[in-house]
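**Student:** In our numbering, the protein residues as written are 1 to 486. Here's a structure for you.
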Amino acid sequence: MSKKSIGAIITAGIALVGTSFIFYNKIKQRRKQRNIERSSGLKQEGNILFKHNKIEEALQLYLEAESLLEEDNIERVFIYNNISTCYFLLQDYKNSLIFSSKTLRIDNKNLKALRIYMETNIKLNNTDEALFYSFVLSVVSKYRNDKNSDKSKSIANSLLNEKTRIETIEYLKIKRDFLPFTVLNDFFSKIKNLENFVSDEKDNLIMKLLDSKEYKELIVFEGNTELIMFVKGGIEFCRGNIEQAKEYFSQNNFLYSVIMLEYINSEDPEYKYSNILDEIISNECNDVFILCYAALIFTKIKDFGKSNEMLEKAELIDSNYHFIFLVKIYNLMSNESTGEMVYKLLEKCRNEFFDKVDLMSVVCDVYLQFSDYNSAIELVKEMMKRFSDDPRPYIYMGLLHEVSSKNELAMQNYLKAIEVDSTFCKSYILYAKSLLMVYDKKCRSWFENALNIATSFEEIYEIKQNLLLMQIEERISALYPELNSE
Numbered sequence: 001m002s003k004k005s006i007g008a009i010i011t012a013g014i015a016l017v018g019t020s021f022i023f024y025n026k027i028k029q030r031r032k033q034r035n036i037e038r039s040s041g042l043k044q045e046g047n048i049l050f051k052h053n054k055i056e057e058a059l060q061l062y063l064e065a066e067s068l069l070e071e072d073n074i075e076r077v078f079i080y081n082n083i084s085t086c087y088f089l090l091q092d093y094k095n096s097l098i099f100s101s102k103t104l105r106i107d108n109k110n111l112k113a114l115r116i117y118m119e120t121n122i123k124l125n126n127t128d129e130a131l132f133y134s135f136v137l138s139v140v141s142k143y144r145n146d147k148n149s150d151k152s153k154s155i156a157n158s159l160l161n162e163k164t165r166i167e168t169i170e171y172l173k174i175k176r177d178f179l180p181f182t183v184l185n186d187f188f189s190k191i192k193n194l195e196n197f198v199s200d201e202k203d204n205l206i207m208k209l210l211d212s213k214e215y216k217e218l219i220v221f222e223g224n225t226e227l228i229m230f231v232k233g234g235i236e237f238c239r240g241n242i243e244q245a246k247e248y249f250s251q252n253n254f255l256y257s258v259i260m261l262e263y264i265n266s267e268d269p270e271y272k273y274s275n276i277l278d279e280i281i282s283n284e285c286n287d288v289f290i291l292c293y294a295a296l297i298f299t300k301i302k303d304f305g306k307s308n309e310m311l312e313k314a315e316l317i318d319s320n321y322h323f324i325f326l327v328k329i330y331n332l333m334s335n336e337s338t339g340e341m342v343y344k345l346l347e348k349c350r351n352e353f354f355d356k357v358d359l360m361s362v363v364c365d366v367y368l369q370f371s372d373y374n375s376a377i378e379l380v381k382e383m384m385k386r387f388s389d390d391p392r393p394y395i396y397m398g399l400l401h402e403v404s405s406k407n408e409l410a411m412q413n414y415l416k417a418i419e420v421d422s423t424f425c426k427s428y429i430l431y432a433k434s435l436l437m438v439y440d441k442k443c444r445s446w447f448e449n450a451l452n453i454a455t456s457f458e459e460i461y462e463i464k465q466n467l468l469l470m471q472i473e474e475r476i477s478a479l480y481p482e483l484n485s486e
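Given below as structure tokens:
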């Protein structure tokens, strides 16, 4: 055979191999595309089943959809999240962790995966991991909308670094005093869910709740005896044992507890507080304050007739009690009445109770809620003249300056509020948050000053949240200075 013939055969062979390779690639691409389309279809079918609460059936479709995708397909992130959610709802927490971990390996700042990972660790009583990932979630959430998206990714990478993770957990364990707030939130949601069960089931669930790790965490939390009494009272309230609930609620805290429980259950508009309201609105009740709060609760459940009945009783006792006017304003706003009617009542409040700074403050709140900044400014200026020795007019002026993005003027007013009354915690919190907005490190000392004079649960919670988040960020920045570069 001649060299020419051999060359021709080799050339033909190469061409054949090349053609076969191209043909194979086309088949592979078509198969890949078909798998992507099939996977997408299965995912959509799974979503429909999931919405109809058919979790197991949805899970099978998601797993099949995942098996059709190649490793580098970004769609895996969404399917992994769906799978981990299904496993979580089916209480298969081990597999839920596996699939949320798979998401985080692809996208370590995925908020849904971080949230599932945190909640699954809570269910498994992995307190350290839950503690850590709750802060990963909060830090990544903060930077998610940052103009420099790489910063969010860098922070996520640094947080999830094994060395940082271990050190941060140790650090958080020292600063664990924030944990009961997280636990309390979960605890309240469980109390709320008890309303969906009949008595026998409810008693069994309550016994489990009392034996739960969350409850024990609350019991050992130092310095919150009042909070524990509130939780115990909440359980008895859910059981319908009103008298026993009242034993746990101190005399001063009873109404506050009723309102908090009403807030906890506010997602259910049909929820009726029959026992507790019977207690409040009995014929013997001659306390205007209690009647006004009863009116507010009736307003919340859209029973405006009963609400007005409570207000009429209150007016018979003290027709000039300013709280009555506030409830009427709230009723009008909740009942979608015209703004004109609300404003007539506001004017009545301003004209008849101009000497009460508490009432003027609430009127100002209503103006802000309606975004009527001109009326708010006019009222605040009036308050400054009448109540120059009260911090609240200056606080409202600061808030109005913030609305106009005049942060320096806002800070000046917060400082003036502190000068007028150095014991009013809200002034310190707002000033510290203003400093935090401009990355001024002095904000720490202002938060600490606020903590020293804070008296309410809400104030302490807000301050500690800010302080702890700052400390975590500072620790991470010290370990990874490159994160500070813009």
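A virtual CB, placed ideally from N, CA and C, is assigned to each residue, including glycine.
Applying the 10 Å Cβ sphere with the 16-neighbour rule, what's the burial state of K43?
**Tutor:** A buried status is given to K43, since no fewer than 16 other beta-carbon atoms sit within 10 Å of its beta-carbon.
**Student:** I need the straight-line Cα distance from K313 to L359, nearest angstrom please.
**Tutor:** 21 angstroms
**Student:** Any chance the region 379-387 sits against the region 401-418, with 3 or more Cβ pairs inside 8 angstroms?
**Tutor:** no
**Student:** So, is Y396 buried or exposed, given that buried needs 16 or more other C-beta atoms within 10 angstroms?
**Tutor:** In summary, Y396 is buried, with 16 or more beta-carbon neighbours lying within 10 Å of its beta-carbon over all protein chains present.
**Student:** What would DSSP say about Y439, mapped onto helix, strand or coil?
**Tutor:** coil
**Student:** Which same chain residues, not among the five before or five after I83, have their C-beta less than 6 angstroms away from its C-beta?
**Tutor:** Y62, F99
**Student:** Which value, in whole angstroms, describes the spacing of the CA atoms of S388 and V420?
**Tutor:** 8 angstroms
**Student:** Give the straight-line distance between the Cα atoms of E64 and G41, rounded to the nearest whole angstrom.
**Tutor:** 11 angstroms
**Student:** For I437, count neighbouring Cβ atoms within 10 angstroms of its own Cβ and tell me buried if that reaches 16, exposed if not.
**Tutor:** Here residue 437 is Met; the residue named in the question, Ile, does not match the sequence. Exposed: under 16 other Cβ atoms inside 10 Å.
**Student:** Label L401 either buried or exposed according to how many other C-beta atoms from any shown protein chain fall within 10 Å of its C-beta, with 16 as the threshold for buried.
**Tutor:** Per the sequence presented here, residue 401 reads as His, with Leu not at that position. Flag for H401 reads buried.
**Student:** Which residue comes first and which comes last in the alpha helix (DSSP H) that contains Q91?
**Tutor:** Here Q91 belongs to no alpha helix (DSSP H), and DSSP marks it neither H nor E.
**Student:** Going by other Cβ atoms of all chains shown within 10 Å of its Cβ, with 16 needed for buried, is G305 buried or exposed?
**Tutor:** Exposed: under 16 other Cβ atoms inside 10 Å.
**Student:** Specify the secondary structure class of N253 as computed by DSSP and reduced to three states.
**Tutor:** With a pLDDT of 45 at N253, under the threshold of 50, the modelled position of that residue is not reliable, and the figure given next carries that caveat. In this structure, N253 counts as coil in the three-state DSSP scheme.
**Student:** Using DSSP with H/G/I as helix, E/B as strand and the rest coil, what is E57?
**Tutor:** helix
**Student:** If you follow the alpha helix (DSSP H) that F424 is in, where does it begin and where does it stop?
**Tutor:** No alpha helix (DSSP H) contains F424, which DSSP labels as neither H nor E.
**Student:** Smallest Cα separation from E56: which of D318, I418, F88, R34?
**Tutor:** Ranking the options by Cα distance to E56, first place goes to F88.
**Student:** Spatial neighbours of L451 within its chain, please: C-beta separation below 8 angstroms, excluding the five flanking residues on both sides.
**Tutor:** Within the same chain, and ignoring the five residues on either side of L451 in sequence, the residues whose Cβ sits closer than 8 angstroms to its Cβ are I460, I463, K464, L467.
**Student:** Apart from the five residues on each side of it in sequence, which residues of its chain come closer than 6 angstroms, Cβ to Cβ, to F178?
**Tutor:** The pLDDT assigned to F178 is 41, lower than 50, so where the model puts this residue is not dependable, and the model offers no usable value.
**Student:** Quick check on S307: buried or exposed, where buried means 16 or more other Cβ atoms within 10 Å of its Cβ?
**Tutor:** buried
**Student:** Which of the three DSSP states is assigned to S39 in this structure?
**Tutor:** helix
**Student:** In terms of alpha-carbon separation, which member of Y373, M310, T120, I377 lies closest to K94?
**Tutor:** T120
**Student:** Grouping DSSP H, G and I as helix and E and B as strand, with all else coil, what is P391?
**Tutor:** DSSP, reduced to helix, strand and coil, places P391 outside both helices and strands of the structure shown, so it counts as coil.
**Student:** Do you know whose CA, among C443, A454, N449, lies nearest M470's CA?
**Tutor:** Considering only alpha carbons, the answer is C443.
**Student:** Going by the beta-carbon positions, is the gap between V136 and D107 smaller than 9 angstroms?
**Tutor:** no
**Student:** Rounded to a whole number of angstroms, what is the C-alpha to C-alpha distance between W446 and K328?
**Tutor:** When rounded, the distance between both Cα atoms is 38 angstroms.
**Student:** Hey, would you say Y439 sits closer than 9 angstroms to L415, going by beta carbons?
**Tutor:** The answer is no: Cβ separation not under 9 angstroms.
**Student:** Could you give the first and the last residue of the continuous alpha helix (DSSP H) run that contains N121?
**Tutor:** 111-123
**Student:** Could you compute how far the alpha carbon of Y256 sits from the alpha carbon of Q60?
**Tutor:** Because Y256 sits at a pLDDT of 47, beneath the cut-off of 50, its placement in the model cannot be relied upon, and the point is left open.
**Student:** Tell me which residues share the same chain as D318 and place their Cβ nearer than 6 angstroms to its Cβ, disregarding the 5 neighbours each side in the sequence.
**Tutor:** V288
**Student:** Rounding to the nearest angstrom, what Cα-Cα distance links D390 and E75 in this structure?
**Tutor:** Distance between the alpha carbons of D390 and E75 is about 58 angstroms.
**Student:** Would you call N110 buried or exposed, if buried means 16 or more other Cβ atoms sit within 10 Å of its Cβ?
**Tutor:** It is buried - the Cβ of N110 has at least 16 other Cβ atoms within 10 Å.
**Student:** Rounded to a whole number of angstroms, what is the C-alpha to C-alpha distance between K302 and L68?
**Tutor:** 51 angstroms
**Student:** Rounded C-beta distance between Y80 and K102? I'm assuming under 8 angstroms.
**Tutor:** The Cβ separation is near 5 angstroms, so the contact holds.
**Student:** Alpha carbon to alpha carbon, how far is L296 from V366?
**Tutor:** 16 angstroms
**Student:** Please go through the same chain and pick out, in chain order, the residues whose beta-carbon is closer than 6 angstroms to the beta-carbon of S375, but skip the five residues on each side of it.
**Tutor:** Y367
**Student:** Does the separation of the CB atoms of V357 and P393 fall below 9 angstroms?
**Tutor:** yes
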